Amino acid sequence: MAFILSNFLLGTAASSEVATNSAIGMIGSFLAAAALIVVPAASFLIWVSQKDALERSR
Numbered sequence: 046m047a048f049i050l051s052n053f054l055l056g057t058a059a060s061s062e063v064a065t066n067s068a069i070g071m072i073g074s075f076l077a078a079a080a081l082i083v084v085p086a087a088s089f090l091i092w093v094s095q096k097d098a099l100e101r102s103r
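The numbering used here numbers the first residue of the sequence shown as 46 and each following residue consecutively.
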């Protein structure tokens, strides 16, 4: 059954388009995660680090 299904998917011209759209979606998800999670977290950690350095120098 899996062999028949894989032949059907590989035999259609839409499979490469589907794979391309899936890859673009995955890259978009990575970029969205970076924008929503990594950048704010890094900014916060840099801000806390700078604040701590200023407090220790007083």
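For each residue, glycine too, the CB sits at the ideal point set by N, CA and C.
As the structure is a prediction and not an experimental result, all values here were calculated from the model.
To the nearest angstrom, report how far apart residue i and residue j are at their CA atoms.
i: Phe75; j: Gln95; result: 28 Å
i: Ser88; j: Gly73; result: 21 Å
i: Ser60; j: Ala68; result: 12 Å
i: Arg101; j: Val84; result: 26 Å
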